[in-house]
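S.K.: First, the structure itself, so that you have it in front of you.
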Amino acid sequence: MTTSAQSFKWSGVMPAITTQLTASDDVDFSAVVRHAVWMIDEGCDGIVIGGSLGEGQSLTTDEKVELWRSISAALLGRAPVIAAIGSASTHDACLLAQYAANAGCAGLMVLPPYVHSGDEREAIAHIESVARATNLPVMVYNNPQAYRADFSAASLAAMAMRQSNIRAVKDSTGDVRRIAQLAQLVRSGDAPSDLAIFVGLDDVVPSGVAAGAQGWIAGLANALPAASVELWKVALAAQTDSQSAKIRVAEVDRAFLPLLLMDTLPDFVQRIKLVQAFVGRGDERVRAPRLALEPDVRDACIQITRTALERLAQLGISTSSSTFNGKHSSER
4 MTTSAQSFKW
14 SGVMPAITTQ
24 LTASDDVDFS
34 AVVRHAVWMI
44 DEGCDGIVIG
54 GSLGEGQSLT
64 TDEKVELWRS
74 ISAALLGRAP
84 VIAAIGSAST
94 HDACLLAQYA
104 ANAGCAGLMV
114 LPPYVHSGDE
124 REAIAHIESV
134 ARATNLPVMV
144 YNNPQAYRAD
154 FSAASLAAMA
164 MRQSNIRAVK
174 DSTGDVRRIA
184 QLAQLVRSGD
194 APSDLAIFVG
204 LDDVVPSGVA
214 AGAQGWIAGL
224 ANALPAASVE
234 LWKVALAAQT
244 DSQSAKIRVA
254 EVDRAFLPLL
264 LMDTLPDFVQ
274 RIKLVQAFVG
284 RGDERVRAPR
294 LALEPDVRDA
304 CIQITRTALE
314 RLAQLGISTS
324 SSTFNGKHSS
334 ER
């Protein structure tokens with residue numbers, strides 16, 4: 004099955020892919036492409052490139068364009084490639100959106116402007132300007148903790164009503180009431196009927212689905228895509244009257260949660276890359292200004308990972324075989 008900017012559905016598990024780096028601090032494009040293909044093979048529904056987890060603020064424009072182009076080419080329409088668009092300048096963000104369209108991306112995830120912490124009116128104008136820069140469908144990224152702008156449910160609904168290619172919202176407030184409020188506006192006709200709502204933090208997936216989310220921009224899926232897809236499926240199944248499904252989602256969420264909580268912490272990039280390294284699916288290198296985890300934090304993350312993988316395995320959930328030897332990238 005192929006996808007296009009016009010045909011794909013905003014739904015399911017879409018990992019925000021990490022950006023693998025070489026020992027010389029260059030982007031390892033071939034590794035990132037292989038990683039994207041693997042996550043789709045494992046059941047994920049799309050790939051978001053160059054967001055916060057992808058260290059987008061530390062990537063050059065040329066690096067972003069090459070990532071968009073190479074992953075789009077590798078997936079051959081099997082799943083949508085979504086470009087994260089963030090910039091301090093609205094003009095530059097519009098240019099990035101056009102570059103993403105030319106590189107073959109199927110959609111955009113548009114961030115509020117970097118640095119300038121204006122009011123909601125200015126942030127809305129920025130988002131809508133970027134949406135108008137191409138015909139690609141747009142996901143609005145609401146993450147007030149990271150970008151200071153905080154869009155109310157009513158404002159998000161109004162943006163989608165005014166700008167027809169705004170088709171989805173990623174909610175990273177951590178407050179599932181926001182998802183419920185926006186879902187209610189969709190049901191009442193005050194937002195487009197096809198406006199999709201995505202959970203933006205890994206630790207609120209079951210409650211986000213219960214509140215009305217249709218998708219999840221996932222972090223730990225970089226290391227554990229099969230487990231992430233299983234959590235998503237059982238969260239959907241738990242919305243039925245099936246008691247066994249409700250028990251299953253509670254079991255999976257309980258086993259997975261210590262890892263999922265890593266997505267909510269300031270050093271989430273380092274932690275998630277460490278889990279990737281642990282399961283043999285990447286390297287833990289990050290680009291400055293990020294630094295490697297402190298040794299005690301790193302050791303604690305490794306122990307959390309071991310325990311969580313054991314519990315997931317007891318539930319019959321697949322995890323990758325580890326070739327991890329406990330050493331830093333520079334020591335291997």
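For any residue, its number in my numbering is found by taking its place in the sequence shown, counting from 1, and adding 3.
All C-beta atoms, glycine included, are put in the ideal place defined by N, C-alpha and C.
1. Apply the 10 Å Cβ neighbour rule to Asp48 and answer buried if 16 or more other Cβ atoms are within range, or exposed otherwise.
2. Who are the Cβ neighbours of Ala100 in its own chain at under 6 Å, not counting the five residues just before and after it?
3. Work out the CA separation of Ile130 and His119 for me, nearest whole Å.
4. Can you list, in chain order, the residues of its chain whose CB lies under 8 Å from that of Ile182, leaving out five sequence neighbours each side?
5. If you measure between the beta carbons of Thr369 and Leu315, is that distance less than 7 Å?
6. Output needed for Leu114: all residues of its chain with C-beta closer than 7 Å, excluding positions within five of it in sequence on either side, in chain order.
7. Can you tell me whether DSSP reads Pro347 as helix, strand or coil?
8. Put Gly218 into one of helix, strand or coil per three-state DSSP.
9. Here's the rule I'm using: 16 or more other beta-carbon atoms within 10 Å means buried, otherwise exposed. How should Ala128 be labelled?
10. Select from Ala280, Arg293, Asp193 and Gln184 the residue whose C-alpha is nearest the C-alpha of Leu227.
11. Indicate whether Ser230 and Val208 have their beta-carbon atoms separated by less than 7 Å.
12. Could you tell me the boundaries of the beta strand (DSSP E) in which Asn145 lies?
13. Counting C-beta neighbours from all protein chains within 10 Å, is the total for Ser75 16 or more, i.e. buried, or is it exposed?
14. Would you mind working out which of Pro140, Ala34 and Asp31 sits nearest Val84, comparing C-alpha positions?
15. Considering only residues of the same chain and omitting the five flanking positions on each side of Ala241, which have a CB-CB separation below 6 Å?
16. When burial is assigned at 16 or more other CB atoms within 10 Å of the CB, is Ser55 buried or exposed?
17. From the DSSP secondary-structure annotation, give me the bridge partner or partners of Pro209.
M.R.: According to the structure data:
1. By 1-based counting over the sequence shown, the position of residue 48 is 45. Classification of Asp48: buried, given that the 10 Å Cβ count is 16 or more.
2. Position 97 of the sequence shown holds residue 100. Apart from sequence neighbours up to five positions away, the residues of its chain that approach Ala100 with a beta-carbon distance below 6 Å are Ile88, Leu111, Val133, Ala136 and Thr137, ordered along the chain.
3. The residue labelled residue 119 in the question sits at position 116 within the sequence shown. The residue labelled residue 130 in the question sits at position 127 within the sequence shown. Spanning the two alpha carbons is a distance of roughly 14 Å.
4. As a first step, residue 182 must be located in the sequence shown, where it is residue number 179. Correct list, in chain order: Asp174, Ile200, Val202, Gly211, Ala214, Gly215 and Ala216.
5. Because the chain spans 4 through 335 in this model, residue 369 falls outside it and cannot be assessed.
6. Start at 1 with the first residue of the sequence shown, and residue 114 comes out as number 111. Excluding residues within five positions, the ones whose Cβ falls inside 7 Å are Ala87, Ile88, Gly89, Tyr144 and Tyr150.
7. Missing from the structure shown is residue 347; the chain here goes from 4 to 335 and no further.
8. Here residue 218 is taken as the residue at index 215 of the sequence shown, counted from 1. DSSP places Gly218 in the strand class (E or B) of the three-state scheme.
9. Counting from one through the sequence shown, the residue named residue 128 turns up at place 125. It counts as exposed.
10. Walking along the sequence shown from the start, residue 227 turns up at place 224. It is Ala280 whose Cα lies nearest to the Cα of Leu227.
11. Within the sequence shown, numbered from 1, the residue matching residue 230 stands at position 227. Within the sequence shown, numbered from 1, the residue matching residue 208 stands at position 205. In the sequence under discussion, the amino acid at residue 230 is Ala, which differs from the Ser named in the question. No. Outside cutoff.
12. Translated into the one-based positions of the sequence shown, residue 145 becomes position 142. Per DSSP, Asn145 belongs to the beta strand (DSSP E) from Val141 to Asn145.
13. Here residue 75 is taken as the residue at index 72 of the sequence shown, counted from 1. So Ser75 counts as buried.
14. Numbered from its first residue, the sequence shown carries residue 84 at position 81. Ranking Pro140, Ala34 and Asp31 by Cα distance to Val84 puts Pro140 first.
15. Position 238 of the sequence shown, counting from 1, holds the residue named residue 241. The residues Ala248, Lys249 and Val252, in chain order, have a CB closer than 6 Å to that of Ala241 in the same chain once the five nearest residues on each side in sequence are set aside.
16. Here residue 55 refers to the residue found at position 52 when the sequence shown is read from its first residue. Ser55 comes out buried.
17. Looking up residue 209 in the sequence shown gives position 206. DSSP output for Pro209 lists no bridge partner at all.
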